[in-house]
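Quick notes on the structure that follows.
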Amino acid sequence: MTNQKNSTKVVTGVVRLSYANVWEPASINGSNPKYSVSLIIPKDDTATLTAINAAVDAAIKEGIAKFGGKIPNKAALKLPLRDGDTERDDEAYKGSYFVNANSTTAPQIVDRTVQPILDRSEVYSGCYARVSINFYAFNTNGNRGIACGLGNIQKVKDGEPLGGKSSAADDFATELNDDFLS
Numbered sequence: 039m040t041n042q043k044n045s046t047k048v049v050t051g052v053v054r055l056s057y058a059n060v061w062e063p064a065s066i067n068g069s070n071p072k073y074s075v076s077l078i079i080p081k082d083d084t085a086t087l088t089a090i091n092a093a094v095d096a097a098i099k100e101g102i103a104k105f106g107g108k109i110p111n112k113a114a115l116k117l118p119l120r121d122g123d124t125e126r127d128d129e130a131y132k133g134s135y136f137v138n139a140n141s142t143t144a145p146q147i148v149d150r151t152v153q154p155i156l157d158r159s160e161v162y163s164g165c166y167a168r169v170s171i172n173f174y175a176f177n178t179n180g181n182r183g184i185a186c187g188l189g190n191i192q193k194v195k196d197g198e199p200l201g202g203k204s205s206a207a208d209d210f211a212t213e214l215n216d217d218f219l220s
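Just so we're aligned, residue 39 is where the sequence shown starts under the numbering used here, counting upward by one.
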């Protein structure tokens, strides 16, 4: 899962997308607009979790200059891999870890055969995908840690949409009364 050429890059196994702002960048609290997504990773996906932990360790070593030339204690850093059972009161995050990934540049979004997906309704919060991510050190305004950059997205299958948004087909599934327009 870790890229041989870049020890801080990971291509995940199948994860679920949440808070997917992958088509248009969004600004949070007036910050610079970014493309972003929360990746929900099943706790039993040990290959992805092992690769993420190794990439985080590599990012700490590569970012030593940001930490004053010394490798800090991991417990003193803000780390990207978080526990959905303890940090989210959301059924979609139960039994999972998650990472929030973002980028100022748009990800390439492809299907299972690596063909570009152009229909924006195809990739949404709740669908399943493989995602390339990279980890890097930061030290800003007293906050020190490892952040997660968003690379590219490969949709692998549909899932129940998250966020309570229903489809038009679901909303208007009832029969129209013939007298509706009269």
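Cβ coordinates follow ideal geometry from the N, Cα and C atoms, glycine included.
In the displayed model, Asn138 falls within a strand according to three-state DSSP. DSSP, reduced to helix, strand and coil, places Ala114 within a helical segment of the structure shown. Apart from sequence neighbours up to five positions away, the residues of its chain that approach Lys193 with a beta-carbon distance below 8 Å are Ile147, Val148, Asp149, Arg150, Ile155, Glu160, Val161, Cys165, Tyr166 and Ala167, ordered along the chain. Pairing Ala92 with Pro63, the inter-Cα distance amounts to about 29 Å. With contact defined as three or more Cβ pairs closer than 8 Å, the region 57 to 71 and the region 79 to 92 are not in contact. Taking 9 Å as the cut-off, the beta carbon of Ser163 is found closer than this to the beta carbon of Leu200. Closest in alpha carbon position to Leu119, among Asn70, Phe173 and Lys108, is Phe173.
Put simply, the backbone Cα of Asn190 is about 11 Å away from that of Val75. Of the candidates Ser69, Ile66, Asn70 and Ala96, the residue whose Cα lies closest to the Cα of Thr46 is Ala96. Setting aside the 5 residues that flank it on each side, Pro145 is surrounded in the same chain by Val60, Tyr73, Leu188, Gly189, Asn190 and Ile191, each with a C-beta closer than 7 Å to its C-beta; the list follows chain order.
Of the candidates Ile98, Lys112, Glu125 and Asp127, Ile98 places its Cα closest to the Cα of Ala175. Measuring C-alpha to C-alpha distances from Gly180 to each of Ile66, Gln153, Phe136 and Phe105 identifies Phe105 as the nearest. Of the other Cβ atoms in all chains shown, 16 or more fall within 10 Å of the Cβ of Ser134; this residue is therefore buried. A straight-line Cα-Cα distance of about 11 Å links Thr86 and Phe136.
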